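See below for the structure under consideration.
Residue numbers (the numbering used here), protein chains in the order written: chain A, 37 to 291; chain B, 8 to 276; chain C, 42 to 379.
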């Protein structure tokens with residue numbers, strides 16, 4: 037299943053935040069969206085996931101939704117959004133219960149996604165016992181449990197320290213390599229974008245428009261830390277973004 | 008600064024970070040009680056405190072044991088506790104439901120928040136005669152008074168707690184396609200529980216205050232009736248026995264809620 | 042603790058003041074005293090004595106302090122906030138006397154055969170169900186303010202003499218009792234005529250008997266003061282009672298014996314209306330004030346037989362300590378005992 041954005045425009049009152057964005061998200065690929073703060077990249081992600089409605093334009097699903105997908109558009113949030121009163125297993129069970137999946141069937145799925153994210157030993161732990169990186173792995177496991185057609189990741193690593201971030205990038209690459217999934221990955225971190233994106237959508241400052249689409253052909257698992265080609269791409273992205281970021285930084289916040 | 012010139016021992020940096028961090032000292036509270044009671048006992052024994060001002064704590068204890076031995080303690084305690092429990096359960100369950108509705112629906116909020124704000128400051132005791140006309144002089148009016156008194160603070164605590172539920176958790180629930188009812192039951196309610204429980208502490212204290220008021224009208228037995236009778240007879244020993252019983256009920260209720268908090272909210276950091 | 046300090050200080054001041062006044066004659070030389078009262082016609086003697094300057098003639102500058110109920114007034118005497126008060130004998134008053142705080146020093150209002158006194162009321166529903174005389178009170182509910190109040194005493198005595206058992210419902214306030222009686226939540230009550238008669242006239246209740254049939258010569262209210270004043274301020278107390286008694290005489294002459302004709306009644310109603318039913322126009326208040334006329338004890342004389350009967354009842358009900366004697370309760374050195 038592909039996703040097509042067609043002429044998305046959005047404004048809050050008289051403030052235009054997103055302008056004329058059209059783009060295709062191909063099945064089995066990771067699209068990264070980068071841009072200066074306030075460019076509407078997270079808003080765009082919520083349009084794709086159906087949590088918000090654009091002022092004009094539409095998000096289209098092309099092709100049939102895979103039958104085994106419980107929740108085709110599945111989010112992973114920056115602040116993890118785990119229920120603190122449920123255990124790791126309980127948090128994953130939460131998203132299965134409404135689909136009538138309980139008991140042994142649910143346990144099978146939970147055990148599977150926990151082992152895929154290396155969390156098998158923490159099924160009964162409470163979120164307060166986990167580090168930030170572990171929490172985000174639980175959130176990723178929860179997303180995997182509903183077998184999404186498209187994963188929508190909203191700055192998933194921004195709340196983590198840089199070492200943990202490195203580890204989680206590796207985890208994500210690993211997950212994708214074993215079983216490719218479609219994802220839209222919003223970040224302000226260019227390192228993450230070049231490590232994970234098959235294509236990188238650069239947005240301008242507000243109102244957000246597509247400045248450029250950069251595609252990187254290196255397979256994900258070959259994009260190790262310190263890869264020279266990636267470094268070049270990262271610098272290139274930064275050149276595009278620098279002036280936008282500078283100008284965005286000086287704008288008054290009036291949204 | 009040169010090391011060679013300064014041969015004496017360098018000064019240690021002064022510590023200035025203490026205080027402002029409460030630590031539990033369980034026995035201090037008990038000691039305050041004991042010291043106060045001993046002071047009153049001493050004062051009344053020596054006559055420094057007149058028998059009009061305060062009763063002797065030892066006499067209060069004797070009066071209590073007489074009450075216990077006569078079997079009247081239970082005759083007073085059981086009706087009071089049942090009024091307290093039934094009235095509070097009605098008021099609190101209605102209050103929690105209305106509070107959640109206010110928290111969830113903007114129309115309900117717009118309609119009921121001003122009403123609750125208008126009802127909250129009404130001294131419920133002033134309405135007691137009216138309650139007697141509406142609900143009769145027997146138990147129903149007493150339940151109604153306590154229910155009404157616990158209802159408004161519970162509503163306010165509950166919708167405040169619902170407002171404070173992390174919105175990203177609700178967004179998360181929506182993003183996973185959870186039904187509205189599931190979101191309320193599995194995310195909103197547990198998320199609001201901490202706030203609701205701390206509101207209950209206030210509601211239950213109000214229920215105990217109102218118990219005495221409820222028993223002003225037509226109650227032969229009950230701790231409140233016992234206190235009022237002692238007051239009108241200026242019988243300080245019995246008055247204090249009643250007051251101490253109410254305090255103990257309050258302490259036990261508070262401990263009960265504390266137990267629930269520890270049990271249900273162990274997920275809190 | 043502050044209370045205690047204040048009382049000690051007051052006692053000290055009182056002591057020195059008393060000492061400096063000792064050589065002076067009985068006349069109290071314009072001392073200011075505070076007298077507690079309820080806004081009932083039974084307190085008319087104090088109002089008359091203030092208005093006709095009888096207290097002033099006795100050398101006392103009287104400030105009236107108004108209360109809502111009898112027990113707070115007794116407590117105010119004990120705490121020294123007021124000096125003299127007139128109210129019914131209640132369990133609280135006896136307990137305070139037992140603690141050495143207050144003394145009864147004279148009589149106020151009494152029941153008297155032949156003069157309209159307190160009435161026994163039945164609610165409409167109870168009346169229709171057959172409660173047409175106090176003999177039918179068996180199993181009925183009887184309204185009282187609190188346990189140990191005068192209402193409790195009257196109800197207990199009435200039901201005792203009729204050999205029936207009633208259930209007492211404590212309702213704290215007279216207003217609440219009236220409300221519950223009107224709505225038939227309680228079956229019966231006893232109350233002064235100026236409340237009973239309008240209720241019956243308005244069809245809100247039925248009069249089924251007179252309290253005086255059960256308690257002839259019932260000493261309803263008494264004059265009391267703090268034990269300290271009774272013992273140490275004999276001059277001032279006599280002056281107070283003298284002024285008060287003149288008020289009693291005027292009231293009895295005008296309202297009870299009616300020797301002053303209708304003009305006398307009108308003049309008396311004018312005075313009382315300043316304090317009782319002041320929120321109603323005179324025309325409306327006058328019938329209630331006239332209805333409420335009951336004999337006040339001349340010269341504040343006190344009916345010891347009735348007081349003894351009351352004290353015994355409070356003891357037998359376990360409402361007050363069994364060892365309290367009449368001497369603890371009453372100081373008979375001031376007025377004639379009947």
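All residues carry an ideal CB built from backbone N, CA and C; glycine is no exception.
Bear in mind the structure is a predicted one, so any value in this text is a computation, not a measurement.
Would you check if there are 3 or more beta carbon pairs closer than 8 Å linking the region 318 to 332 of chain C to the region 123 to 140 of chain C? no
Residue 247 of chain A by DSSP, collapsed to three states: which one? strand
Is the separation between the beta-carbon of residue 221 of chain C and that of residue 144 of chain B shorter than 8 Å? yes
Quick one: does residue 291 of chain A have its CB under 8 Å from some CB of chain B? Here the model assigns residue 291 of chain A a pLDDT of 48, short of 50, so the residue's position is not dependable, and the following value carries that caveat. Cβ-Cβ to chain B under 8 Å: no for residue 291 of chain A.
Looking only at its chain, what residues have a beta carbon closer than 7 Å to the beta carbon of residue 337 of chain C, apart from the 5 residues adjacent to it on each side? 86, 149, 150, 289, 292, 293
Are residue 261 of chain C and residue 152 of chain C close, meaning C-beta to C-beta below 8 Å? yes
Figure out for me which residue from C:188, C:160, C:349 has the closest Cα to the Cα of residue 4 of chain C. No answer is possible for residue 4 of chain C: it lies beyond the span of chain C, which begins at 42 and ends at 379.
Note down, in chain order, each residue of its chain lying with its Cβ closer than 6 Å to the Cβ of residue 138 of chain B, except the 5 sequence neighbours on either side. 148, 151, 152
Does the distance from the CB of residue 79 of chain C to the CB of residue 115 of chain C come in under 8 Å? no
Anything in chain B within Cβ reach of residue 224 of chain C, meaning under 7 Å, just list it in chain order. 140
Within 8 Å (strictly less), CB to CB, does residue 236 of chain B reach chain C? yes
Let's test the definition: count the other Cβ atoms within 10 Å of the Cβ of residue 81 of chain B and tell me whether it reaches 16, buried, or not, exposed. exposed
Less than 8 Å between the CB atoms is what I'm expecting for residue 192 of chain C and residue 225 of chain C, so what's the real figure, rounded? Cβ atoms of residue 192 of chain C and residue 225 of chain C stay farther apart than 8 Å, at about 18 Å.
Tell me the start and end of each unbroken alpha helix (DSSP H) in the region 102 to 136 of chain B that is at least 4 residues and wholly inside, in chain order. List check, alpha helix (DSSP H) in window: 113 to 126.
Kindly provide the ranges of any beta strand (DSSP E) runs that are 3 or more residues long and lie completely inside the region 70 to 128 of chain C, ordered along the chain. Runs of the beta strand (DSSP E) inside the region 70 to 128 of chain C: 72 to 78, 101 to 107.
Could you spell out where the alpha helix (DSSP H) holding residue 274 of chain A opens and where it closes? 264 to 286 is the extent of the alpha helix (DSSP H) around residue 274 of chain A.
Could you check the C-alpha separation between residue 287 of chain C and residue 237 of chain B for me, to the nearest Å? 37 Å
Taking only beta-carbon atoms, is residue 187 of chain C less than 8 Å away from chain B? yes
With a threshold of 8 Å between beta carbons, is residue 284 of chain A in contact with chain B? no
What's the call for residue 6 of chain B, buried or exposed, on a 16-neighbour Cβ count within 10 Å? Since the first residue of chain B shown is 8 and the last is 276, residue 6 of chain B is not available in this structure.
For residue 322 of chain C, which beta-bridge partners are listed by DSSP? Beta-bridge pairing links residue 322 of chain C to no other residue.
For residue 40 of chain A, does the three-state DSSP call read helix, strand or coil? strand
The alpha helix (DSSP H) that contains residue 166 of chain B, what's its start and end? 146 to 170
On a CA-only basis, which of B:243, B:167, B:67, B:163 is nearest residue 124 of chain B? Give me that one, please. B:163
Taking buried to mean at least 16 other C-beta atoms within 10 Å of its own C-beta, is residue 308 of chain C buried or exposed? exposed
With a threshold of 8 Å between beta-carbons, can residue 3 of chain B be considered close to chain C, or not? The displayed coordinates of chain B run from 8 to 276. Any statement about residue 3 of chain B would go beyond what the structure contains.
Determine the contact status of residue 165 of chain B and residue 203 of chain B, defining contact as a CB-CB distance below 8 Å. yes
Quick check on residue 283 of chain B: buried or exposed, where buried means 16 or more other Cβ atoms within 10 Å of its Cβ? This structure gives no information on residue 283 of chain B, because the portion of chain B shown stretches from 8 to 276.
Report buried or exposed for residue 188 of chain B, applying the criterion of at least 16 other Cβ atoms within 10 angstroms of its Cβ. Answer is exposed; the Cβ neighbour count stays below 16.
Residues in its own chain within less than 6 Å of residue 102 of chain C by CB, not counting five upstream and five downstream? 71, 73.
Residue 335 of chain C, DSSP secondary structure in three states: Under the three-state reduction of DSSP, residue 335 of chain C is assigned to coil, being neither helix nor strand.
Using the Cα positions of residue 109 of chain B and residue 171 of chain B, report the straight-line distance between them to the nearest angstrom. 13 Å
On the DSSP letters alone, give me the boundaries of the alpha helix (DSSP H) that residue 191 of chain A sits inside. Counted as a single uninterrupted DSSP element, the stretch harbouring residue 191 of chain A is not any alpha helix (DSSP H), since DSSP gives it neither H nor E.
Assign residue 251 of chain C to one of two classes, buried (16 or more other C-beta atoms within 10 Å of its C-beta) or exposed (fewer than that). buried
Kindly say whether residue 111 of chain A, judged by its beta-carbon, lies nearer than 8 Å to any beta-carbon of chain B. True, the Cβ-Cβ gap to chain B drops below 8 Å.
Could you tell me if residue 65 of chain C is buried or exposed, where buried requires 16 or more neighbouring beta carbons within 10 angstroms of its beta carbon? Low local confidence applies: a pLDDT of 40 at residue 65 of chain C is under 50, so the model's placement there is unreliable, and no value is given.
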